[in-house]
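Asker:
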Amino acid sequence: AAVEYDRKAELYDSDYLQMPDRNLGLEALLPVIRGDLPLKIHVHRADDIATAIRIAEEFNIHFTLDHCSEGFMITDRLLSALSKRCDGIIIGPLMNYKRKLECSKKQGVKLPKLLHDAGIEFAICTDFPEMIPVCMMPQIALSVTEGLPEDTALKAVTITAARILGISDRVGSLEVGKDADIAVFSGHPLDYRSVFLMTLINGKIVYERK
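Residue numbers for the sequence shown follow this note's numbering, beginning at 1124 and rising by one.
(1) Can you tell which of Leu1202, Thr1198 and Cys1209 has its C-alpha closest to the C-alpha of Ala1179?
(2) If you scan the region 1201-1286 from start to end, which runs of the alpha helix (DSSP H) of 4 or more residues do you find wholly inside it?
(3) Buried or exposed for Asp1171, please, with buried defined as at least 16 other CB atoms from any protein chain shown within 10 angstroms of its CB.
(4) From which residue to which residue does the beta strand (DSSP E) around Glu1331 run?
(5) Measure the C-alpha to C-alpha separation of Lys1327 and Ile1305 and round it to an integer number of angstroms.
(6) Counting pairs of Cβ atoms below 8 Å between the region 1237-1248 and the region 1302-1316, do you hit three or more?
(7) Beta carbon of Phe1245, beta carbon of Pro1261: below 8 Å?
(8) Go to Ile1305, then tell me how far its beta strand (DSSP E) extends in each direction, as first and last residue.
(9) Less than 8 Å between the beta carbons of His1167 and His1190, yes or no?
(10) Which same chain residues, not among the five before or five after Lys1301, have their C-beta less than 7 Å away from its C-beta?
(11) So Leu1217 and Gly1231 are in contact, right, with Cβ under 8 Å, and what is the actual spacing, rounded?
(12) Between which two residues does the beta strand (DSSP E) carrying Asp1189 extend?
(13) Mind checking whether Gly1211 and Thr1187 have CB atoms under 8 Å apart?
(14) If you follow the beta strand (DSSP E) that Val1166 is part of, which residue opens it and which one closes it?
(15) For Ala1279 and Ile1247, what's the separation of their Cα atoms in angstroms?
(16) Provide the residue(s) that pair with Phe1319 in DSSP beta bridges, ordered along the chain.
(17) The alpha helix (DSSP H) with Asp1159 in it runs from where to where?
(18) Using a 10 Å radius around the Cβ and a threshold of 16 neighbouring Cβ atoms, would you call Ser1192 buried or exposed?
(19) Taking Cβ to Cβ, would you say Ile1282 is nearer than 8 Å to Ser1296?
(20) For Asp1250 and His1165, what's the separation of their Cα atoms in angstroms?
(21) Does DSSP put Ile1178 in a helix, in a strand, or in coil?
(22) In whole angstroms, give me the CA-to-CA distance for Tyr1330 and Leu1320.
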């Protein structure tokens, strides 16, 4: 429907047709159809993931797969999608997987290592911003205890996440010319004994532990 709406709008711009009746719902999809924005697809089950990929590729749109809880079951399909129109895979939250009853084979904090072993790059999310301070570091640390390499775990919440969002030219790593947004810890960020010391935004201290 959005593709047809876009076609009629283009014809109207060319003075061939009347402008179609305004449809704000379809207009919201136009940046996706035109390739200006990726479609964020929230999906858990393996069969739904495969269906989402098929439809997105059929309409030739860029997309991300968010949650991708049973993605470990169809890793070949994910690798194929990543080589085409899929801009990235964002997994999580990883510690409440038993609440998703439709995902009988969801792996929780074991999922990152399963995808990593299959050669799949991913970011890790909490799914809602209020829980980032509470859940982000514990779920990453638990993923490491399940065998995920530490550097891969940190990249999943820094440079890989930034790349998927299309902002890796500004944030995601400590490099000359990038935004000076920095979190400082007393030790390794994944060590439960580490204390959060300081936050810098644009090079200025906005929080300092007293």
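The beta carbon of each residue, even a glycine, is placed where N, CA and C say it ideally should be. Here the structure is a predicted model, which means the values were calculated and not measured.
Answerer: Concretely, from the data shown:
(1) The shortest CA-to-CA distance from Ala1179 to any of Leu1202, Thr1198 and Cys1209 is the one to Cys1209.
(2) The qualifying runs are 1234-1240, 1255-1268 and 1273-1278.
(3) It is buried - the Cβ of Asp1171 has at least 16 other Cβ atoms within 10 Å.
(4) For Glu1331, the enclosing beta strand (DSSP E) stretches over residues Lys1327 to Glu1331.
(5) Going by the C-alpha atoms only, they are around 9 Å apart.
(6) A contact between stretches requires three or more CB pairs, one per stretch, nearer than 8 Å, and the region 1237-1248 fails this requirement with the region 1302-1316.
(7) For Phe1245 and Pro1261, no; Cβs fall outside 8 Å.
(8) From DSSP, the beta strand (DSSP E) with Ile1305 extends over Ile1305 to Phe1308.
(9) A contact, by the Cβ cut-off of 8 Å.
(10) Within the same chain, Lys1301 has close Cβ partners Arg1293 and Val1294.
(11) Confirmed, about 5 Å.
(12) Start and end: Phe1186 to His1190.
(13) Yes, these two residues count as a Cβ contact at 8 Å.
(14) If you look at Val1166, you'll find it in the beta strand (DSSP E) that goes Leu1162 to Val1166.
(15) In a straight line, the C-alpha of Ala1279 is about 5 Å away from that of Ile1247.
(16) The partner list for Phe1319 (beta bridge, DSSP) reads Phe1308.
(17) First-last for Asp1159: undefined, no H or E at that position.
(18) Buried: at least 16 other Cβ atoms inside 10 Å.
(19) Yes, they are a contact pair.
(20) Roughly 10 Å between the two C-alpha positions.
(21) Correct three-state label for Ile1178: helix.
(22) Between Tyr1330 and Leu1320, the C-alpha separation is close to 8 Å.
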